[in-house]
Structures are given as C-alpha cells and as structure tokens.
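Everything below concerns the one structure shown next.
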Amino acid sequence: MAIYADGFMKIKEKIAICSIKHHEQSHIKINVDICKNCQTRICIIACPAHLYTFESETGKLIVDHTGCLECGTCMIICSSKGITWKYPEAGYGIYYRYG
Ligand code: SF4
Numbered sequence: 114m115a116i117y118a119d120g121f122m123k124i125k126e127k128i129a130i131c132s133i134k135h136h137e138q139s140h141i142k143i144n145v146d147i148c149k150n151c152q153t154r155i156c157i158i159a160c161p162a163h164l165y166t167f168e169s170e171t172g173k174l175i176v177d178h179t180g181c182l183e184c185g186t187c188m189i190i191c192s193s194k195g196i197t198w199k200y201p202e203a204g205y206g207i208y209y210r211y212g
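Heads up: the sequence shown begins at 114 in our numbering, then just goes up one per residue.
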C-alpha cells in the first residue's frame with residue numbers, strides 16, 4: 114500500500130483493496146424495451162467500473178452487477194429511466210476499507 118507525499122492513496126489502489134460479496138440476484142435492473150432504443154448508452158461510458166456492455170448480436174444492454182462500486186452513477190445519468198438501481202441486500206455489496 115503506497116501513501117503519496119500528499120498523504121493520500123490513488124483511487125485505483127483504494128479500489129484494489131476493497132472486497133465485494135455479491136448476491137446472485139442483481140441489484141441493478143435494465144429495462145430492455147427502453148435500453149434497446151437508447152441513442153447514447155451513456156451508462157457504458159459513465160460507469161467507473163466498466164460493467165455495462167451492449168451486445169450487438171442480441172441488441173441487449175447487459176450489466177455485470179458483481180463488480181458494482183455502488184456509486185449510483187448509472188441510475189442518475191440515465192435520463193430515460195432505463196436503469197433501476199438499489200443497494201444490495203444487507204451483508205452483500207462492496208466493503209470499502211479506506212474510505
Ligand atoms: Fe457502475 Fe456505479 Fe452503476 Fe455500479 S452504481 S453499475 S459502479 S455506475
């Protein structure tokens with residue numbers, strides 16, 4: 114663990130030492146009908162964990178909830194309300210060790 118001259122760790126180092134206990138059931142729901150017609154798919158760009166992908170073969174937006182950082186960006190940035198997001202059940206999700 115590196116502490117830099119400014120007294121802080123880099124964000125990627127902080128994330129690397131977090132642990133995630135993921136639930137089988139996704140806490141992120143995608144509205145297929147809304148997302149298939151989305152022109153921007155801004156969630157793919159905005160998610161800091163890069164969990165969203167668009168499958169051109171099936172025409173579906175998919176999300177890998179198991180790496181979610183619980184920042185809520187995808188829910189806020191989707192102006193079409195195609196994403197329903199809630200915190201994982203108690204005992205699941207990300208555990209931040211250094212804030
Ligand atoms: Fe990605 Fe944040 Fe949405 Fe999780 S809450 S899927 S990390 S944008």
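Cβ atoms here follow ideal geometry from the backbone N, Cα and C, with glycine treated the same way.
It should be emphasised that the depicted structure is a prediction, and the values quoted were computed from it without experimental measurement.
Query	Result
Cβ of Ile-143 versus every heavy atom of the ligand SF4: is any distance shorter than 7 Å?	no
Thinking just about the alpha-carbon of each residue, which of Phe-167, Ile-190 and Cys-160 is nearest to the one in Leu-182?	Cys-160
Using the beta-carbon count (16 or more within 10 Å), is Gly-204 buried or exposed?	exposed
Given a cut-off of 8 Å, decide if Ile-155 and Ile-241 are closer than it, judged by their beta-carbon atoms.	Outside the modelled stretch of the chain, which goes from 114 to 212, sits residue 241, for which no answer is possible.
Keeping to the same chain, check which residues put their C-beta closer than 8 Å to that of Lys-149; ignore five residues upstream and five downstream.	Gly-172, Lys-173 and Leu-174
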